[in-house]
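Enquirer: Shown below is the structure under consideration.
In full-length UniProt numbering, the protein residues as written are 1 to 219.
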C-alpha cells in the first residue's frame with residue numbers, strides 16, 4: 001500500500017526583498033521549486049495549478065499579475081506562468097549582475113574548481129558574448145593563484161582547464177597519501193605501549209619480586 005507524504009507549502013515569493021541575487025534569478029529559482037512542489041503534490045489539473053501558483057506566490061505577486069494583459073482564463077496555467085516570467089525578466093538589472101561578477105574574488109578556502117563553478121553560475125544572467133573567456137579572465141585577475149596569473153599573461157595559449165584538472169588531481173593524491181600514514185602511525189604507537197612480563201628462572205614467579213623482596217627459592 002502506498003504511503004502518503006505530507007508536502008510542506010511553498011514560501012511566498014518576495015519581489016521587494018533585498019538579497020544578493022537579481023530579481024529575475026530569484027523568480028526563476030522560485031518557479032523551478034514550484035514545479036517540483038506541484039509534481040510532488042500530485043497536482044495535474046491546469047486550473048488547480050494556476051490557482052496554486054498565484055496563491056503560493058503571495059499577495060505581492062498577485063498584485064503584479066492582475067494588471068498584466070492577456071493572462072488567459074482560470075485554466076490557463078502555462079499562460080500565467082509565462083506572463084509572470086516575462087514581467088520579471090524585464091526587471092532584471094544586467095549591469096548589476098555584471099558588477100557582482102566583476103567583484104567576485106576567489107576565497108582563501110575555495111578551490112579552483114569551486115571558484116569556477118561559482119563564476120559560471122553568476123555569469124548565467126550577465127549575457128556575456130563569450131562566457132568561457134569572461135570566466136577565465138576573472139580567474140586570472142581575481143583568483144588567488146599567482147602562478148596561474150603569470151602563466152596566463154606570459155602564454156596566450158595557456159590552458160586554464162588543464163590547470164584545473166592538474167590541481168584537482170594533486171588534491172586527490174594529497175588526500176590519499178595522508179590517510180594510510182595516520183593509520184600506520186597509530187598501529188606503531190599501539191605496539192610500543194605493550195610490554196612482556198618476565199618470570200624468575202628459580203621459582204617461576206613474576207620477576208622482579210616486588211611483593212616478597214627476594215626470591216622464595218633462595219630463602
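Every residue, glycine too, gets a C-beta built ideally from N, C-alpha and C. All figures in this text were calculated on a predicted structure; none of them were measured in a lab.
Return helix, strand or coil for residue 134, following the three-state DSSP convention.
Expert: Correct three-state label for residue 134: helix.
Enquirer: Grab me the residues of residue 207's own chain with a C-beta within less than 7 Å of its C-beta, minus the 5 sequence neighbours each way, in chain order.
Expert: Excluding positions up to five away in sequence, the list reads 198, 199, 200.
Enquirer: With a cut-off of 8 Å on the beta carbons, I'd call residue 135 and residue 123 a contact; round off their distance for me.
Expert: Their Cβ separation, rounded to whole angstroms, is 6 Å, which keeps residue 135 and residue 123 in contact under 8 Å.
Enquirer: Tell whether a beta-carbon distance below 7 Å holds between residue 98 and residue 142.
Expert: Cβ distance not < 7 Å, so residue 98 and residue 142 don't count as in contact.
Enquirer: Between residue 121 and chain C, is any beta-carbon pair separated by less than 7 Å?
Expert: This model lacks chain C altogether; it includes just one protein chain.
Enquirer: Which runs of the alpha helix (DSSP H), 4 residues or longer, sit entirely within the stretch 83 to 125?
Expert: Listed in chain order, they are 94 to 103, 112 to 123.
Enquirer: If you draw a straight line from the alpha carbon of residue 63 to that of residue 17, how long is it in whole angstroms?
Expert: Taking the straight line from one Cα to the other gives about 16 Å.
Enquirer: Using the beta-carbon count (16 or more within 10 Å), is residue 40 buried or exposed?
Expert: By the 10 Å Cβ count, residue 40 comes out exposed.
Enquirer: So for residue 6, helix, strand or coil by DSSP?
Expert: In this structure, residue 6 counts as coil in the three-state DSSP scheme.
Enquirer: Do three or more CB pairs link the stretch 68 to 75 to the stretch 35 to 52 at distances below 8 Å?
Expert: Output reads yes: the stretch 35 to 52 touches the stretch 68 to 75.
Enquirer: Name the residue from 137, 129, 13, 86 whose alpha carbon lies nearest to the alpha carbon of residue 115.
Expert: Among 137, 129, 13, 86, the Cα nearest to that of residue 115 is on 137.
Enquirer: When you compare each of 28, 160, 148, 155 to residue 87 by their alpha carbons, which one comes out closest?
Expert: The option with the nearest alpha carbon to residue 87 is 28.
Enquirer: Touch check for the stretch 142 to 158 and the stretch 91 to 110: three-plus C-beta pairs under 8 Å?
Expert: As far as the Cβ criterion goes, the stretch 142 to 158 touches the stretch 91 to 110, which means the pair count is three or higher.
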